[in-house]
Amino acid sequence: FLLSKTFSNLTVDELVNKVQVNMDEARFRHCQGVSITARKLAKLNNYDEDKAALAGFIHDYAKQVANEEFIRVIKDKSNGFDQDLLNWNRAIWHGIVGTYFIKRDLGITDSEILTAIRRHTTGDVEMTTLDKIVFVADYIEPGRSFSGVDEAREVTFANLDDGVGYELAHTLQFLANNRQKIYPKTLAAYNVWGIKKE
Ligand code: GDP
Ligand code: FE
Ligand code: FE
Ligand code: FE
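Below you can see the structure in the form of structure tokens.
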């Protein structure tokens, strides 16, 4: 695992340390795995490898932030978050509201990176190459072991868009099976990327 750029004023060591102390060991290993997978997918899809590796590394920076903290940031109107977020939970918050903490603590201002993190849990109707890379790398990194992950890896390494579609279809299926509420963006993303193309 190697980062060569931070896209901020922090050195690589400083950034890695800030990420590490903000989460437990298992989550930190997941972030390293996503970073490695994102770098591979970037190479395969002609995208900036260092940028993908960094975005993958920090995507879950806010995964273990307390609920009260997320709620405080959403309610502070100066941060500009949609108040409807208050009707959701930390699964949805850690990416979207996570960008607040990533800007504040890691000094990342690159809008492509912040957008990819904002979209990493739900996907979106519009997805850039970096959005797709982080979205699927999160799903298939080496530490993931759910049934179907090997098929997800095959599909994704053969074609990035197919990987996005596979993940959205299976996530929607998983959420419905567990009778969970579906975030409108997850459904809208499925309707664009998840359906079979003619
Ligand atoms: P992680 O942060 O590495 O665990 O992965 P993600 O950020 O991709 O997903 C976090 C959680 O959000 C997972 O348990 C997903 O099943 C869940 N999730 C994704 N989309 C939705 C949605 O539309 N509604 C709900 N309720 N949960 C979702
Ligand atoms: Fe996440
Ligand atoms: Fe994901
Ligand atoms: Fe993740």
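Read left to right, the sequence shown gives residues 928 to 1125 (this note's numbering). Where a beta carbon is used, it is the ideal one built from N, C-alpha and C, also for glycine.
For Ile1040 against Ala982, the beta-carbon gap comes to about 5 Å, under 8 Å, which counts as contact.
Judged by DSSP in its simplified three-state form, Gln1107 adopts coil rather than helix or strand. The Cβ-Cβ distance between Gly1025 and Ala980 does not fall below 7 Å. One residue after another in chain order, those with a Cβ under 7 Å from a heavy atom of ligand 2 are His986, Asp987, Lys990, His1021, Gly1022, His1047, Thr1048 and Asp1065. Apart from the 5 residues on each side of it in sequence, Phe928 sits with its Cβ closer than 8 Å to the Cβ of Gln959, Ser962 and Ile963 in its chain, given in chain order. The alpha-carbon separation between His957 and Asp1003 amounts to approximately 31 Å. Each residue's CA atom was taken as its position, placing Phe984 and Thr1049 some 18 Å apart. Within its own chain, the residues whose Cβ lies closer than 6 Å to the Cβ of Phe1008, once the five positions on either side in sequence are excluded, are Ile1001, listed in chain order. The three-state reading of DSSP puts Tyr988 in coil, since its state is none of H, G, I, E or B.
Counting along the chain, no alpha helix (DSSP H) covers Leu1012, and no H or E run does either.
For Val1119, there is no enclosing alpha helix (DSSP H), as DSSP marks it with neither H nor E.
Taking Ala1043 as the centre and dropping the five residues before and after it, the same chain places the C-beta of Ala982, Leu1057, Asp1058 and Val1061 closer than 6 Å to its C-beta, in chain order.
Three or more beta-carbon pairs drawn from the segment 966-981 and the segment 1076-1088 are found closer than 8 Å, and the two stretches are therefore classed as touching.
7 Å or more divides the Cβ of Asp1065 from the Cβ of Lys1112. In this structure Leu1013 is exposed. Its beta-carbon is surrounded by fewer than 16 other beta-carbon atoms within 10 angstroms.
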